[in-house]
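For the numbering used here, count along the sequence shown from 1 and bump the result up by 1.
For every residue, glycine included, the Cβ atom is placed at its ideal position computed from N, Cα and C.
These notes concern the structure reproduced below.
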Amino acid sequence: MNRPTRPLAAPARLATGLLLALAAIAAPAPAPAVSTATGATAAIAAAPGASDATTEAAAPEAARPPVPGRAFALAWTEQAYLGRHRALRSAAATLHAGLAAFCARPAPAALPALQRQWSEAFLAWRRMDGAGAAPTVIARSGRMIDFRPARVRDVEQRIARGEGPAAHNVAVRGLGTLEYLLFGDRDGSAARLAEPARCAYAAGTAELIVRDLAQLERGWQQQLERLGGDTDLPRRNLLAENIGLMISGLDGALARFPKVREAAPEAWPDWRSASTRAAIGAQLEGFATAWAGAADGTRSAASLAAYLAGLGHGNAVARVDAALAAARAAWAALPAAVAAPTAEAGRARLTEAIGALKAAMEGEVAAPLGIVLGFNDNDGD
2 MNRPTRPLAA
12 PARLATGLLL
22 ALAAIAAPAP
32 APAVSTATGA
42 TAAIAAAPGA
52 SDATTEAAAP
62 EAARPPVPGR
72 AFALAWTEQA
82 YLGRHRALRS
92 AAATLHAGLA
102 AFCARPAPAA
112 LPALQRQWSE
122 AFLAWRRMDG
132 AGAAPTVIAR
142 SGRMIDFRPA
152 RVRDVEQRIA
162 RGEGPAAHNV
172 AVRGLGTLEY
182 LLFGDRDGSA
192 ARLAEPARCA
202 YAAGTAELIV
212 RDLAQLERGW
222 QQQLERLGGD
232 TDLPRRNLLA
242 ENIGLMISGL
252 DGALARFPKV
262 REAAPEAWPD
272 WRSASTRAAI
282 GAQLEGFATA
292 WAGAADGTRS
302 AASLAAYLAG
312 LGHGNAVARV
322 DAALAAARAA
332 WAALPAAVAA
342 PTAEAGRARL
352 TEAIGALKAA
362 MEGEVAAPLG
372 IVLGFNDNDG
382 D
């Protein structure tokens, strides 16, 4: 049955397709056709890092996605992705060390510092989630690091039995569980973190995140090896994967809002830490880093925007730039008390602006490049 295409929903849902693509690297790939259209060849050659880019024959029916050269693929991954990953590793390590020190010498006055460390790690993850890539999808980082909602009853049962977090049970570990332990339910229960079993559980949860990110570092190194290798299959997939995940990151930003207008406080994913506004801002920063090269939107040669401009898509780049600026302006105007009824108009404006940015990525970037954003394995019939 023919079904219309639509944007990919969540980064973790791309894992199956990416694994198949990576497995196909070992298979011999047909030699790419060389374009005889001098205009197209010149446009590709002008792109950042495209001196070693693969050229292809133009398809009359539909555009074929360009294949980035090794130099650009490596620079984009190292500067726009690895930097965010390593910032996340650093923040997670700081949180783990802080919890270990607190458990050794509990002091109620130290709890606000731990909460800030959690916030820094959480926002570093949201920047990563704002524009993910193959390594985060294959590792299922979103579920392992920040599964929501935490199953607090199960967490409490494990603590009561003197058990630590289960490494493979995402519902009782991750940043969501730590948010519960460090902030409580806004009822003063966070002070119980000084209890030995409770503190040990929190420290163990942070340690699991640190271990996951160390493993993910190896995934990023493997990604660099693939992008710089002899076969161009990883680079053929790079734009489709990363652009699809950038669009999914915008969906992730919108998911910080409840689906109903008059939601209970507990319906907000980040209600315990009151981090909704900051989380959306971090998602947009992650998107901006992959798009422009820096979280503040400053243009870098190792960015998707620069690459597309080099291919002659300057008008499309300008429209996405404008949509991104509008989304960030709407976010900046969002009241601090984002869940308050008085913030409803601001939430609506931000939702509309992020939707427009998503539409620009789909219509101005993915479609002209011949990138099909299809159904995923979590969609129904």
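Please say whether methionine 145 and aspartate 213 have beta carbons closer to each other than 8 angstroms? yes
Sorted by chain position, which residues of the same chain lie with C-beta nearer than 6 angstroms to alanine 204's C-beta, five sequence neighbours on each side aside? Leu100, Ala101, Cys104
CA-to-CA distance, alanine 108 to alanine 134, given in whole angstroms: 40 angstroms
Since threonine 137 is in the alpha helix (DSSP H), which residue starts that stretch and which ends it? 135 to 139
Taking C-alpha atoms, which residue in Ala340, Gly315, Arg348 lies nearest to alanine 330? Arg348
Assigned exposure category for aspartate 271 - 16 Cβ within 10 Å defines buried: buried
Given that a residue counts as buried once 16 or more other Cβ atoms are within 10 Å of its Cβ, and exposed if not, what is histidine 314? buried
Below 8 angstroms on the Cβ atoms is my contact criterion, and I expect leucine 179 with threonine 137 to pass it. Report the Cβ-Cβ distance as a whole number of Å. That belief does not hold up - the Cβ atoms of leucine 179 and threonine 137 are roughly 19 angstroms apart, past 8 angstroms.
Between which two residues does the alpha helix (DSSP H) carrying histidine 97 extend? 84 to 105
Between alanine 155 and alanine 324, what straight-line distance do the alpha-carbon atoms span, to the nearest angstrom? The sequence as given places aspartate at residue 155; alanine does not occur at that position. Going by the C-alpha atoms only, they are around 43 angstroms apart.
Counting pairs of Cβ atoms below 8 angstroms between the region 73 to 88 and the region 182 to 201, do you hit three or more? no
State the Cα-Cα distance for the pair methionine 362 and phenylalanine 258, rounded to the nearest angstrom. 21 angstroms
If you run the structure through DSSP and keep just helix, strand and coil, what is asparagine 170? coil
Quick check: the Cα distance between leucine 23 and leucine 89, rounded to an integer number of angstroms? Residue placement at leucine 23 is poorly supported in this model, since its pLDDT is 45, which falls under 50; the coordinates still yield a value, given next. Straight-line Cα distance between these residues: approximately 25 angstroms.
Proximal residues to alanine 283 (C-beta, below 6 angstroms), its chain only, five neighbours per side dropped: Leu124, Arg127, Arg128
In chain order, what residues of the same chain lie with their CB nearer than 6 angstroms to the CB of tryptophan 292, ignoring the 5 residues before and after it? Leu305, Ala306
To the nearest angstrom, how far is it from the Cα of proline 150 to the Cα of alanine 346? 27 angstroms
Secondary structure at proline 109, three-state DSSP: helix, strand or coil? helix
When the Cα of arginine 65 is compared with those of Val321, Val339, Leu312, which residue comes out closest? Leu312
Pair within 8 angstroms by beta-carbon distance, leucine 285 and tryptophan 332: yes
Within 10 angstroms of the Cβ of proline 113, are there 16 or more other Cβ atoms? Answer buried if so, exposed if not. exposed
Using CA atoms only, rank isn't needed, just tell me which of Gln158, Ala280, Arg87 is closest to alanine 256. Ala280
Where serine 304 sits in the DSSP three-state scheme: coil
Is the Cβ-Cβ distance between leucine 370 and leucine 194 less than 8 angstroms? no
Length of the line joining the Cα atoms of aspartate 233 and alanine 74: 11 angstroms
Given that a residue counts as buried once 16 or more other Cβ atoms are within 10 Å of its Cβ, and exposed if not, what is serine 274? buried
By how many angstroms is the C-alpha of asparagine 238 removed from the C-alpha of lysine 260? 33 angstroms
With a floor of 4 residues, list each alpha helix (DSSP H) that falls wholly inside the region 213 to 276, ordered by position along the chain. 234 to 255
So what's alanine 114 in DSSP terms, helix, strand or just coil? helix
Closest residue to alanine 140 among Phe148, Leu217, Leu96, Arg174 (Cα-Cα distance): Leu217
Where the alpha helix (DSSP H) through glycine 313 begins and ends: Per DSSP, glycine 313 belongs to no alpha helix (DSSP H) and is neither H nor E.
Alpha carbon to alpha carbon, how far is isoleucine 355 from glycine 253? 11 angstroms
Work out the CA separation of tyrosine 308 and alanine 289 for me, nearest whole Å. 14 angstroms
Range of the contiguous alpha helix (DSSP H) that encloses arginine 152: Element bounds for arginine 152: n/a, residue is neither H nor E.
With DSSP as the reference, label arginine 187 as helix, strand or coil. coil
If you draw a straight line from the alpha carbon of glycine 143 to that of proline 342, how long is it in whole angstroms? 30 angstroms
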